[in-house]
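Undergrad:
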Amino acid sequence: MSGLTLEASELVVERAGRRILDRASLTVAGGERVAVTGPSGAGKTTLLHVLAGLERPDAGMVRLGMAGQAGPRVAVVFQGHGLVSLLTSAENVELALQAERLARAEVRRRAAAALAAVGLGQGQDRLVEELSSGQQQRVAVARALVVRPDVLLADEPTAELDAATRDAVLDLVLAAAGHGAAVVLATHDLNLAARCDRQVRMLAGRLHGAGRA
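Under the working numbering, think of the first position of the sequence shown as 31, with each following residue one higher.
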């Protein structure tokens, strides 16, 4: 375990009079892998967006702290990929490193290594819009992992991948916890969830079983 803790407390998100998150609370430590399961529309994606700081809750708060580090790196794998379609695979991954103040050669090296790790070592110069949905998903995973995140939030990270590729990509995502990252996965895949350290279930905006085992 690292000194990092991701803590969400009593989160409430309302849209058009409907509660998407209803006092949802969750604590995840560095090095821990937590699967959030539940039916479509239960609020899993909204939870990840709030944890990532991409959406502001109507009530409650998210705390993210790490001993000796003022700004932990947070990476997100979006369900809809979230890629720039008119850029190449390599350029999409390199974008994630722009804030790192690395030499250009190092940015290219790390992006190429991340793409190779997800099985896209060839065709890095292809435009994203030319790739299949499964290939785009792999680029999205590479983009998240290339920053070596302290917190990794992934929304259906293995969706649209064939069985062999799914297992390889999942190994990489879960391995982030081995480097001390707090990993939270929203998924319908019970086999994926079973490989995590804990499972919590979201129903109608509420988290069940979110306490530590």
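We put the CB at the ideal spot given by N, CA and C, even for glycine.
Just verifying my parser: in three-state terms, what is the DSSP assignment at residue 163?
TA: Residue state, collapsed to three classes: helix.
Undergrad: Just curious, the beta strand (DSSP E) that residue 180 is in, first and last residue?
TA: Taken as a continuous stretch (DSSP letters only), residue 180 belongs to no beta strand (DSSP E), as it is neither H nor E.
Undergrad: On the DSSP letters alone, give me the boundaries of the beta strand (DSSP E) that residue 95 sits inside.
TA: Its beta strand (DSSP E) spans residues 89-95.
Undergrad: Between which two residues does the alpha helix (DSSP H) carrying residue 197 extend?
TA: 193-208
Undergrad: When the Cα of residue 228 is compared with those of 58, 59, 64, which residue comes out closest?
TA: 64
Undergrad: From the DSSP output, in three-state form, read off residue 85 for me.
TA: Note: residue 85 maps to coil in three-state DSSP.
Undergrad: Note down the Cα distance separating residue 59 from residue 170, rounded to an integer number of angstroms.
TA: 24 angstroms
Undergrad: Is residue 229 helix, strand or coil by DSSP?
TA: Residue 229 carries a strand assignment under DSSP once its states are collapsed to helix, strand and coil.
Undergrad: Below 7 angstroms CB to CB, which residues in the same chain sit around residue 222 once its five sequence neighbours on both sides are set aside?
TA: 65, 188, 200, 215
Undergrad: Indicate the three-state DSSP secondary structure (helix, strand or coil) for residue 62 in the structure shown.
TA: It is coil, neither helix nor strand.
Undergrad: Would residue 81 be called buried (16 or more neighbouring beta carbons within 10 Å of its own) or exposed?
TA: Answer is buried; the Cβ neighbour count reaches 16.
Undergrad: Based on the DSSP secondary-structure assignment, which residues constitute the bridge partners of residue 104?
TA: 181
Undergrad: Sort 52, 77, 62, 119 by Cα distance to residue 208 and report the nearest one.
TA: 62
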